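Peer 1: Below you will find the structure I want to go over with you.
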């Protein structure tokens, strides 16, 4: 395993919710990454954002890690959940919220 | 053949979809980075096909991404996917 693969593997296994994205949660640099940030913030879950634009090896490495050609990528409890389209669809169907609940990830009530 | 036509033909051949819409959204992104909005950089694929029945979201996207890998490599900047199986609710 390469160093970058080890880095990614460690991040997704030691953080409950990790978003690999372009830019940061404060300053997304891509519309798709920005949409997922907005959804996670709305749902009220704590997550770690990792900026793939900061490192060319990471930008390619995350695509190899999941065999998924696009960014953003969301991981929950070590498991790849999806990219922007999937996360948005799950959110609209309330499935994202129940996915967090099923995995034992705390969400802040925004009712 | 334009990128839009290539994508549409490949999807029809591979999935025999009941419904298919390949939408060039590049004009929506004029001014975003180096794009002037006239090119073929941003696409949305809406597809209803029997092959997606019983498949997870990730499996559906993987099937589409694999089929369109050459086009993604060739410089599509963004590819939004909305796959569904026949009988499922769609937003279009």
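Protein chains in written order, with my numbering: chain A, 3 to 113; chain B, 194 to 285.
Ideal placement from N, C-alpha and C gives every residue a C-beta, glycine not left out.
Small disclaimer: the values here were computed from a predicted structure and weren't measured.
Which residues, taken in chain order from the stretch 249-261 of chain B, show a beta carbon closer than 8 Å to some beta carbon of chain A?
Peer 2: Per Cβ criterion, the list reads 250, 251, 254, 255 and 258.
Peer 1: With DSSP collapsed to three states, give me the class of residue 79 (chain A).
Peer 2: For this step, residue 79 (chain A) is matched to residue 77 along the first chain. Here DSSP, grouped into helix, strand and coil, assigns residue 79 (chain A) to coil.
Peer 1: Select from A:75, A:60 and A:53 the residue whose C-alpha is nearest the C-alpha of residue 251 (chain B).
Peer 2: The residue given as residue 251 (chain B) occupies position 58 in the second chain. It is A:75.
Peer 1: Going by Cα to Cα distance, which pick from B:209, B:208, B:242 and B:232 is closest to residue 219 (chain B)?
Peer 2: Sequence index remark: in the second chain, residue 219 (chain B) carries index 26 (1-based). With distances taken between Cα atoms, residue 219 (chain B) lies closest to B:232.
Peer 1: Rank B:221, B:238, B:222 and B:278 by C-alpha distance to the C-alpha of residue 202 (chain B) and give the top, closest one.
Peer 2: Within the second chain, residue 202 (chain B) is the residue found at index 9, counting from 1. For residue 202 (chain B), the nearest C-alpha among the options comes from B:238.
Peer 1: Buried or exposed: which applies to residue 68 (chain A), given that a residue is buried once 16 or more other Cβ atoms fall within 10 Å of its Cβ?
Peer 2: As a position in the first chain, residue 68 (chain A) is number 66, starting the count at 1. With 16 or more other Cβ atoms within 10 Å, it is buried.
Peer 1: Flag residue 200 (chain B) as yes if its beta-carbon sits less than 7 Å from any beta-carbon of chain A, otherwise no.
Peer 2: Along the second chain, one-based indexing puts residue 200 (chain B) at 7. Not closer than 7 Å to any Cβ of chain A, the Cβ of residue 200 (chain B) fails to qualify, so no.
Peer 1: If you draw a straight line from the alpha carbon of residue 45 (chain A) to that of residue 109 (chain A), how long is it in whole angstroms?
Peer 2: Along the first chain, one-based indexing puts residue 45 (chain A) at 43. Along the first chain, one-based indexing puts residue 109 (chain A) at 107. Their Cα atoms are separated by approximately 7 Å.
Peer 1: Quick check on the burial criterion: 16 or more other C-beta atoms within 10 angstroms. Buried or exposed for residue 72 (chain A)?
Peer 2: The residue you call residue 72 (chain A) lines up with position 70 of the first chain. Counting Cβ neighbours within 10 Å, residue 72 (chain A) comes out buried, since at least 16 surround it.
Peer 1: Could you tell me whether the Cβ atoms of residue 279 (chain B) and residue 211 (chain B) are closer together than 7 Å?
Peer 2: As a first step, residue 279 (chain B) is located in the second chain; it is residue number 86 there, counting from the start. As a first step, residue 211 (chain B) is located in the second chain; it is residue number 18 there, counting from the start. Cβ atoms of residue 279 (chain B) and residue 211 (chain B): closer than 7 Å.
Peer 1: Can you tell me whether residue 84 (chain A) is helix, strand or coil according to DSSP?
Peer 2: One-based indexing of the first chain puts residue 84 (chain A) at position 82. Note: residue 84 (chain A) maps to strand in three-state DSSP.
Peer 1: Would you mind sorting residue 243 (chain B) into buried or exposed? The rule is 16 or more other CB atoms within 10 Å of its CB.
Peer 2: As a first step, residue 243 (chain B) must be located in the second chain, where it is residue number 50. Result: exposed.
Peer 1: Does the CB of residue 74 (chain A) have a neighbour CB from chain B at under 7 Å?
Peer 2: Position 72 of the first chain holds residue 74 (chain A). Answer no: the Cβ-Cβ gap between residue 74 (chain A) and chain B never drops below 7 Å.
Peer 1: Check each residue of the stretch 87-98 of chain A: if its Cβ is closer than 8 Å to any Cβ of chain B, include it; give the result in chain order.
Peer 2: Those would be 87, 88, 91 and 92, in chain order.
Peer 1: By how many angstroms is the C-alpha of residue 82 (chain A) removed from the C-alpha of residue 248 (chain B)?
Peer 2: Translated into the one-based positions of the second chain, residue 248 (chain B) becomes position 55. Translated into the one-based positions of the first chain, residue 82 (chain A) becomes position 80. Cα to Cα, residue 248 (chain B) sits roughly 16 Å from residue 82 (chain A).
Peer 1: Any C-beta of chain A within less than 8 Å: which residues of the stretch 270-281 of chain B qualify?
Peer 2: 271, 272, 273, 274 and 275
Peer 1: One question on the structure: do residue 245 (chain B) and residue 253 (chain B) come within less than 7 Å of each other, judged by their Cβ atoms?
Peer 2: Along the second chain, one-based indexing puts residue 245 (chain B) at 52. Along the second chain, one-based indexing puts residue 253 (chain B) at 60. In this structure, residue 253 (chain B) lies closer than 7 Å to residue 245 (chain B) by Cβ.
Peer 1: Look up residue 23 (chain A) in the DSSP assignment and say whether it is helix, strand or coil.
Peer 2: The residue you call residue 23 (chain A) lines up with position 21 of the first chain. Here residue 23 (chain A) sits in strand by DSSP.
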